[in-house]
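Remarks on the structure that follows.
2 protein chains.
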Amino acid sequence: MKDAKNETITDSEWEVMRAIWTMGQTTSRELIDAMNQLQGWSDSTTKTLLHRLINKGAVAQSGTSRPFVFKPIVGEKESMAAAATDLFDHMCAMRAGSTIAGVIKTRELSQADIAELQAILTEKAKTAPEQVQCNCLPGHHMCEEVEEHGQ
Amino acid sequence: MKDAKNETITDSEWEVMRAIWTMGQTTSRELIDAMNQLQGWSDSTTKTLLHRLINKGAVAQSGTSRPFVFKPIVGEKESMAAAATDLFDHMCAMRAGSTIAGVIKTRELSQADIAELQAILTEKAKTAPEQVQCNCLPGHHMCEEVEEHGQ
DNA sequence: CCTTTAAATTTACATCTGTCACCTTTCAAC
DNA sequence: GTTGAAAGGTGACAGATGTAAATTTAAAGG
């Protein structure tokens, strides 16, 4: 599965992708109805988004006769990972930990998820540093306190 | 500290915020130079962004005589949390776990971060469900496989 | 074949974003 | 006071986004 790092998927396009990913494959009518339900979008809106997604290479159109079939080209897992990476890449490295903590606290996770995370953490603990450096500003600035970042 | 949920902070504005958060407080000159270093932006660009941030209520201008001082109004922690929440809110709940796993694998975390995460997980395990339901489409659709979501 | 009608494609357009150049006000030194 | 360099503020503009109307095309029934 290709990932979606190259061409950016926007917020509303993302909603469409979610539907497509979940449906696995769909006809434009099905998709339009779903989007109308979920977002209250007009037919046109969904069509436009679908086309943009096709142009971006995120969705494929297949079939020869009219009710074409659309299916995802980029993977959901890959796209989600890319989105998450993108987010954290723009945040202070020093605070990634507590941000992740916040996410974990507020999301629903399955027993399996938790087990996996714990395994990863245990492994990571073996080589984790005592402190993560702030990567917000070049040299001359180095964050001191975790609580109040700068100042 | 107020959070930044109301007024959205865009990508480039975020870069400015990072600098301001780290510096704690700054004069426009300092900020402009920093942004020029980090992003290669022209003076104007930083000024514009700084102003937009002020209008959005994310940064405060203080002082009476000319070299004014700017400082953050919205907190870094809060803003990061909001951004993360925002991201995960748009993703399939069923896949949040593995996405978090991916993030943890690729980020640098301190021993303390890891310990905190483990504590949270242990606590969470007590009440975690066996399976998390997909929340992408209304009723009629329910994801079966974790590996290949729909289809 | 012709018509109807769903599907597909184009065009539209207001806003938001990223980036700036340029104009205006001050402070500070003559 | 006058002036010139900073600091501060405005206007601009191309491209991205969200949202949708209008137009074209083709499948299906008569």
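Line by line, the protein sequences give chains P and Z. Note that UniProt numbering has the first sequence beginning at 1, numbered continuously upward. Note that UniProt numbering has the second sequence beginning at 1, numbered continuously upward. Note that CB positions come from ideal geometry on N, CA and C, so glycine has one too.
Using only alpha-carbon positions, find the residue among the options that is nearest to residue i.
| i | options | result |
| --- | --- | --- |
| THR48 of chain P | P:SER79, P:VAL74, P:GLU15 and P:LYS77 | P:GLU15 |
| ASN55 of chain P | P:GLU130, P:ILE120 and P:ILE9 | P:ILE9 |
| ILE32 of chain Z | Z:THR127, Z:ALA125, Z:ALA84 and Z:PHE70 | Z:PHE70 |
| SER12 of chain Z | P:HIS90, P:ASP113 and P:LYS77 | P:HIS90 |
| PRO67 of chain Z | Z:GLN25, Z:LEU137, Z:LEU121 and Z:GLU130 | Z:GLN25 |
| residue 152 of chain P | P:SER44, P:LEU50 and P:GLY40 | Outside the displayed range of chain P (1 to 151) lies residue 152 of chain P, so it cannot be described from this structure. |
| VAL103 of chain Z | P:GLY75, P:ALA112 and P:MET80 | P:MET80 |
| GLN111 of chain P | Z:ALA112, Z:ALA101, Z:GLU130 and Z:ALA115 | Z:GLU130 |
| ALA93 of chain P | Z:ALA93, Z:ALA101, Z:PHE88 and Z:ASP113 | Z:ASP113 |
| THR22 of chain P | P:GLU123, P:GLU76 and P:SER62 | P:GLU76 |
| ASN135 of chain P | P:PHE88, P:LYS124 and P:ALA128 | P:PHE88 |
| PRO138 of chain Z | P:SER28, P:GLU123 and P:MET35 | P:MET35 |
| GLU116 of chain Z | P:ALA101, P:GLU116 and P:LEU117 | P:ALA101 |
| THR27 of chain P | P:VAL74, P:SER62, P:LYS124 and P:ALA84 | P:SER62 |
Buried or exposed: where does residue i fall if 16 or more other Cβ atoms within 10 Å of its Cβ makes it buried?
| i | result |
| --- | --- |
| SER42 of chain P | exposed |
| ASP86 of chain Z | exposed |
| LYS126 of chain P | exposed |
| PRO72 of chain Z | buried |
| GLU7 of chain P | exposed |
| ARG18 of chain P | buried |
| ALA119 of chain Z | exposed |
| GLU147 of chain P | Bear in mind that a pLDDT of 45 at GLU147 of chain P, under 50, signals an unreliable position, so the number given afterwards is only what the model happens to contain. Counting Cβ neighbours within 10 Å, GLU147 of chain P comes out exposed, since fewer than 16 surround it. |
| THR64 of chain Z | exposed |
| THR46 of chain Z | buried |
| ALA4 of chain P | Reliability of the predicted coordinates at ALA4 of chain P is poor, the pLDDT of 43 falling under 50, and the value obtained from them is presented with this limitation in mind. Classification of ALA4 of chain P: buried, given that the 10 Å Cβ count is 16 or more. |
Does DSSP put residue i in a helix, a strand or coil?
| i | result |
| --- | --- |
| ALA4 of chain Z | In this prediction, ALA4 of chain Z has a pLDDT of 43, which is less than 50 and means its spatial position is unreliable; what the coordinates show is noted afterwards. Note: ALA4 of chain Z maps to coil in three-state DSSP. |
| THR10 of chain Z | coil |
| THR27 of chain P | coil |
| SER42 of chain P | coil |
| THR48 of chain P | helix |
Hey, would you say the C-beta of residue i is under 7 Å away from at least one heavy atom of the ligand FAD?
| i | result |
| --- | --- |
| LYS47 of chain Z | Looking for the ligand FAD in the displayed structure turns up nothing, as the structure carries no ligands at all. |
The stretch 98–110 of chain Z contacting the stretch 93–109 of chain P, beta-carbon criterion three pairs below 8 Å: Yes, they touch.
Curious, which full-length alpha helix (DSSP H) runs of at least 4 residues does the stretch 91–150 of chain P contain? Runs of the alpha helix (DSSP H) lying entirely within the stretch 91–150 of chain P and spanning at least 4 residues, in chain order: 96–106 and 111–125.
What alpha helix (DSSP H) runs, 4 residues minimum, are completely inside the stretch 53–96 of chain P? If only uninterrupted alpha helix (DSSP H) runs of at least 4 residues are considered, those enclosed by the stretch 53–96 of chain P are 76–89.
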